[in-house]
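These notes concern the structure reproduced below.
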Amino acid sequence: MSLFSLIVIFEIIFLLLGRFTFKIRRTLESIQQRKKNKCNRKKVLIIGAGEAGESLLRESIKNPNFKLEIVGIVDDDPRKKNMVIYGKKVLGCRFDLPRLIDEYRIEEIIIAIPSMRSKEVKEIYKLIDTEKVAIKILPSYDEILEGSSFINQIRDVKVEDLLGRSIIGVNSRNIAGRIEGKVIFITGGAGSIGPELSRQIAKYNPKRLINIDLNENEIYFLELELKRKYKGLDIVSEIGNIREYGKMEYLFNKYNPDIVFHAAAHKHVPLMEHNPEEAIKNNIFGTKNIIDLSDIYGVERFILVSTDKAVNPTNIMGATKRTAELLVEEKNKSSKTKFMATRFGNVLGSSGSVIPLFKKLIEERKNITVTHPEITRYFMTIPEAASLVIEAGTMSNGGEVFILDMGEPIKIMDLAKNLIKLSGLILGEDIDIEITGLRPGEKLYEELLYDVDNAEKTDNKKIFIGKFHDEDEVNNLVYLEELKDILKVHEYGKLKEVLKKVVVTFKEPEEVNGRRG
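Under full-length UniProt numbering, the residue at position 2 of the sequence shown is numbered 2, and the numbers go up by one with no gaps.
In structure tokens:
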């Protein structure tokens, strides 16, 4: 064999050895990295061995970027105990969680039961030390995005998951029949509920959707959002004040609306106690402008967004909203337009609600302030509130006030404790709750109906009808002229006294709170 041949052979052997060595090194590095990744991955238990849990397990196997180590599954069905799903064993039921967390050193729990009730979510929270173990959840079937990965939809537990509020089932066919091809007006279009009204109404193909508000930024962003989502939607944003009759008349004449959703209002109780003139100008006389113009321009339906604070009011805001309800009742008697009101409790996540305030205080590690240890409120989600308002607009014959079955009232103290726990903090160590005393005009308890037993049922089992029965209150609307005169001369100290002549159920908080405290 020639020297050249030997050199070639040695070079080939050298190259092969080099490749072989490189592959061995890469393989060893890969094994070490996998071991390292496994060590670094959080140990997780999945709650739920049903369809969602199986989907989550299947995706975790296929997804190389899944950074959690699923140790096993928990399910309350005794028939599933010891079952193996995609290599993971059902280790027990939810009441075994404390033992399993300690035994397997679990760092995170994922609730993979989209239909789980809030009561069961709360039970899980009671069983787990949230300072050591994070809790995540898959959204409800209403929220799950079609065609999206289950893994990508795992989120933190929200306070809504603990309160048990869900989107109401509505009669989409009836709603479409009322809205499709119609011109829709929404006042307060950039407020708490106005944007969600637009989002839901847009699905039913209105001829044109007009949002009216003074908040130019929010109404502009809403218009952009809806135009992106609904390419053919004719949406118009108008900047205007409902107090200005001339501007509102110009808009009614320009667009000739078929249905008006009146959501514009001042809603902040303590602020309106200090600024009664603003509440009266906006919530009463601004509303009267929209009611009168709806009648003059032949609107088919007018829906007032009211509040539980209008029932036996103890503050200026509630009394002005009750007056708005009376204006609706009065106009319905003489108009071809069908006038109605919808009444519900506090909206979760709205700018004026306690939840954003509590969350901000928790983020800043400042003590949460609660006005009274026994204070309770009804809560609902923004989509739920919008659903009620839209459904009411389709089923009304005129003259009704529609009320949602709000479930059980929530103690604000319990709400504060739940939010602290959701944040992984310890009450009494990381953060405290301070009792500050009831604010001006504040009730301990809110009411939804004057007489629950006389409420009529509707086709929607969560929506009831309360009739306007008190004829005397409607007759008292004559005192609105007196309110106007006081506003002209700026003698605002007299407003509350006259407002009590209009709303005979308007009481001081002490009179109402004393009955149930």
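Beta carbons are placed, not taken as given, at the ideal position from N, Cα and C, and that holds for glycine.
- Our two residues, Ile-101 and Leu-444, have alpha carbons roughly 40 angstroms apart in a direct line.
- Judged by DSSP in its simplified three-state form, Gly-441 adopts coil rather than helix or strand.
- Taking each of Asn-418, Tyr-297 and Gly-191 in turn and checking the Cα distance to Val-347, the smallest one comes out for Gly-191.
- Taking C-alpha positions only, Ala-265 is separated from Ala-279 by approximately 8 angstroms.
- Taking the CA atoms as reference points, Leu-304 sits about 32 angstroms from Gly-437.
- Non-local beta-carbon contacts of Ser-353 in its own chain, meaning distances under 7 angstroms to residues more than five positions away in sequence, involve Asn-346 and Val-347 in chain order.
- Segment contact: the region 259–276 against the region 177–194, three or more CB-CB distances shorter than 8 angstroms; contact assigned.
- DSSP places Val-157 in the coil class of the three-state scheme, outside both helix and strand.
- Assignment of Gly-393 by DSSP, reduced to helix, strand and coil, places it in the helix class.
- Per DSSP, the unbroken beta strand (DSSP E) holding Thr-369 starts and ends at 368–370.
- Val-502 has its alpha-carbon roughly 45 angstroms from the corresponding atom of Arg-365.
- Residue state for Leu-138 is assigned as coil, using DSSP reduced to three classes.
- The three-state secondary structure of Gly-92, taken from DSSP, is strand.
- Rounded to the nearest angstrom, the Cβ distance from Tyr-297 to Asn-256 is 6 angstroms, consistent with a contact under 8 angstroms.
- The Cβ atoms of Ala-416 and Glu-196 lie no closer than 9 angstroms to each other.
- Per DSSP, reduced to three states, the secondary structure at Ile-463 is strand.
- Straight through space, the alpha carbons of Phe-402 and Pro-409 are spaced by roughly 18 angstroms.
- Shown here for Ile-193: same chain residues with a beta carbon closer than 8 angstroms to its own, the five before and five after excluded, namely Ala-263, Val-305, Val-347, Ser-350, Ile-382, Ala-385, Ala-386 and Val-389 in chain order.
- In the structure shown, Glu-364 falls within a coil segment according to DSSP collapsed to helix, strand and coil.
- In terms of Cβ geometry, Thr-458 and Met-395 form a close pair [threshold 9 angstroms].
- Following the DSSP letters along the chain, one finds Lys-333 inside the alpha helix (DSSP H) bounded by residues 316–334.
- Assignment of beta-bridge partners to Leu-45 by DSSP yields Gly-72 and Ile-109.
- Per DSSP, Asn-171 lies in no alpha helix (DSSP H) and is assigned neither H nor E.
- The C-alpha of Asp-156 lies about 16 angstroms from the C-alpha of Arg-117.
- Only exposed fits Ser-334, as fewer than 16 other CB atoms lie within 10 angstroms of its CB.
- For the options Met-83, Leu-57, Glu-108 and Arg-58, the alpha carbon positioned closest to that of Lys-43 is the one of Glu-108.
- The C-beta of Tyr-250 has fewer than 16 other C-beta atoms within 10 Å across all chains shown, which makes the residue exposed.
- For a cut-off of 8 angstroms, the C-beta gap from Ala-134 to Ala-52 is around 19 angstroms, too long to register as a contact.
- Around the beta carbon of Met-83, fewer than 16 other beta carbons lie within 10 angstroms, which makes this residue exposed.
- Counting C-beta pairs with one atom in each stretch, the region 225–234 and the region 284–293 have fewer than three that are closer than 8 angstroms, which means they do not touch.
- A distance below 9 angstroms separates the beta carbons of Asn-241 and Leu-214.
- In this structure, the CA atom of Ile-154 is about 5 angstroms from the CA atom of Leu-138.
- Our two residues, Val-504 and Leu-495, have alpha carbons roughly 14 angstroms apart in a direct line.
- A buried status is given to His-372, since no fewer than 16 other beta-carbon atoms sit within 10 Å of its beta-carbon.
- A straight-line Cα-Cα distance of about 41 angstroms links Gly-72 and Lys-203.
- Contact check for Gly-393 and Arg-243: beta-carbon distance about 24 angstroms, past the 8 angstroms limit, so the pair fails to qualify.
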